[in-house]
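A.B. asks: Using full-length UniProt numbering, the letters of the sequence shown correspond one by one to residues 1 to 131.
Every residue, glycine too, gets a C-beta built ideally from N, C-alpha and C.
Input: one structure, supplied below.
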Amino acid sequence: MVDQEARLSRIFSALADPTRRDMVARLAAGDATVNELAAPYDVSLQAVSKHLKVLESAGLVTRSRDAQRRPVHLDAEVFDLMTKWIERYQRQVEERFSRLDALLERMQDSDGSAVDPESGINNDTRRGASS
């Protein structure tokens, strides 16, 4: 579990940089060389290589040797790990909202007034103010 937490920290840290996020998005469309990845940026190949090393150490990308090319591949397994982590907290938040919705419903039933769940405004009060 500690290894997984450390791995997630490296992944999210690597993705904190907008250039690296853009590289990941571009690699989602297909493999690319360092030169191809560097093309849209006004930075040196050395800077792009440093970004790739960060992504590689986080496990987001791998490089292979294909004749004269060294294409960079996106590792889909890492996204499964991130998705599971996000979904765990998403479920917790959704459960909290469900409990809050149920509480609001019980409160509405107990006092007979209708509260708009979007705005939190008591509809009976709003109607009385417009009369």
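Leaving out five residues on either side along the sequence, give the residues of the same chain with a beta carbon under 6 Å from the beta carbon of residue 38.
C.D. replies: Result list for residue 38: 45 and 48, in chain order.
A.B. asks: Secondary structure at residue 21, three-state DSSP: helix, strand or coil?
C.D. replies: Note: residue 21 maps to helix in three-state DSSP.
A.B. asks: Ignoring anything shorter than 3 residues or poking outside the UniProt domain "HTH arsR-type" (1 to 94), list the beta strand (DSSP E) runs there in chain order.
C.D. replies: Qualifying beta strand (DSSP E) stretches, in chain order: 61 to 63 and 72 to 74.
A.B. asks: Just checking my contact of residue 55 with residue 82 at CB under 8 Å: how many whole Å lie between their CB atoms?
C.D. replies: Incorrect: roughly 13 Å between the Cβ atoms, too far for contact.
A.B. asks: Judging by CA-CA distance, which residue of 19, 61 and 16 is the nearest neighbour of residue 32?
C.D. replies: Checked all of 19, 61 and 16; the closest Cα to residue 32 is 61.
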